[in-house]
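Engineer: Attaching a single structure in structure tokens format; questions to follow.
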Amino acid sequence: MTLKIRLGDWEAQCQPAREVRTEVFIGEQNIPIEMEWDDMDAVSLHVVAYDAAGEPVGTARLLPDGHIGRMAVRRSARGAGVGGAMLAALIDAGRQRGTGEVMLNAQIHAEAFYARFGFVREGREFQDAGIAHIHMRYKLA
Numbered sequence: 542m543t544l545k546i547r548l549g550d551w552e553a554q555c556q557p558a559r560e561v562r563t564e565v566f567i568g569e570q571n572i573p574i575e576m577e578w579d580d581m582d583a584v585s586l587h588v589v590a591y592d593a594a595g596e597p598v599g600t601a602r603l604l605p606d607g608h609i610g611r612m613a614v615r616r617s618a619r620g621a622g623v624g625g626a627m628l629a630a631l632i633d634a635g636r637q638r639g640t641g642e643v644m645l646n647a648q649i650h651a652e653a654f655y656a657r658f659g660f661v662r663e664g665r666e667f668q669d670a671g672i673a674h675i676h677m678r679y680k681l682a
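Residue numbers for the sequence shown follow the numbering used here, so the first one is 542 and each next one is one higher.
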């Protein structure tokens with residue numbers, strides 16, 4: 542899949558990021574709408590992946606403290622490298638910020654995906670919005 546990756550603030554990325562997150566988290570995973578939207582969007586760096594037709598197919602964010610979150614890829618684009626491209630962009634952004642590490646709370650089914658990029662499982666499994674998660678960390682060189 543041909544991808545275009547764009548990084549920007551919430552003002553620039555709001556519309557496409559909302560579109561993808563609404564479909565994936567609220568529509569597919571039944572995350573309550575009030576849990577999806579928070580004040581961290583305004584202070585985070587957002588990535589949006591676009592397909593060859595210019596349609597947004599994925600999004601994620603990097604919080605000021607180095608947490609990566611809200612990683613979502615539309616069903617039609619899964620398995621095509623979208624998540625990996627976005628994750629690489631956010632890891633690079635963390636590195637450019639001088640952050641010593643990035644971390645995330647992975648849904649259990651996605652743990653192996655993050656491990657392939659060097660993230661290491663930390664602590665015990667926990668529930669967030671009724672979905673099993675695990676905390677993972679990646680030390681930046």
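Glycine included, every Cβ here is placed at the ideal spot set by N, Cα and C.
Predicted model, so just to flag it, every value in this text is computed and none were measured.
When we look at the beta-carbon of D580 and count the other beta-carbons within 10 Å, is it buried (16 or more) or exposed?
Structural biologist: It is exposed - the Cβ of D580 has fewer than 16 other Cβ atoms within 10 Å.
Engineer: Starting from P597, follow the beta strand (DSSP E) in both directions and report where the run begins and ends.
Structural biologist: Where P597 is concerned, the enclosing beta strand (DSSP E) stretches over P597 to L603.
Engineer: Is DSSP giving M677 helix, strand or coil here?
Structural biologist: M677: strand per DSSP, three-state reduction.
Engineer: Under 8 Å, with one C-beta from each stretch per pair, do the region 633–643 and the region 610–623 reach the 3-pair mark?
Structural biologist: Counting Cβ pairs under 8 Å, fewer than three are found: no touch.
Engineer: Closer than 7 Å by C-beta to I567: which residues in its own chain qualify, once you throw out the five before and the five after it? Chain order, please.
Structural biologist: Closer than 7 Å at the Cβ level, and outside the excluded window around I567, lie I574 and E577.
Engineer: Whole-angstrom Cβ separation of S585 and R602, contact assumed at under 8 Å?
Structural biologist: Yes, they are in contact, since the Cβ atoms of S585 and R602 sit about 4 Å apart, within 8 Å.
Engineer: Near V598, what residues of its chain come up, given a Cβ to Cβ distance below 6 Å and the 5 sequence neighbours on each side ignored?
Structural biologist: Closer than 6 Å at the Cβ level, and outside the excluded window around V598, lie A590, D592, R615, A618 and V623.
Engineer: Measuring alpha carbon to alpha carbon, tell me which residue in G664, K680 and R662 is nearest V643.
Structural biologist: Of the listed residues, the one whose Cα sits closest to V643 is K680.
Engineer: Please state whether DSSP places M542 in a helix, a strand or coil.
Structural biologist: DSSP places M542 in coil when its eight states are reduced to three.
Engineer: Excluding five sequence neighbours on each side, which residues of the same chain lie with their C-beta closer than 8 Å to the C-beta of E652?
Structural biologist: Excluding positions up to five away in sequence, the list reads R662, I675 and M677.
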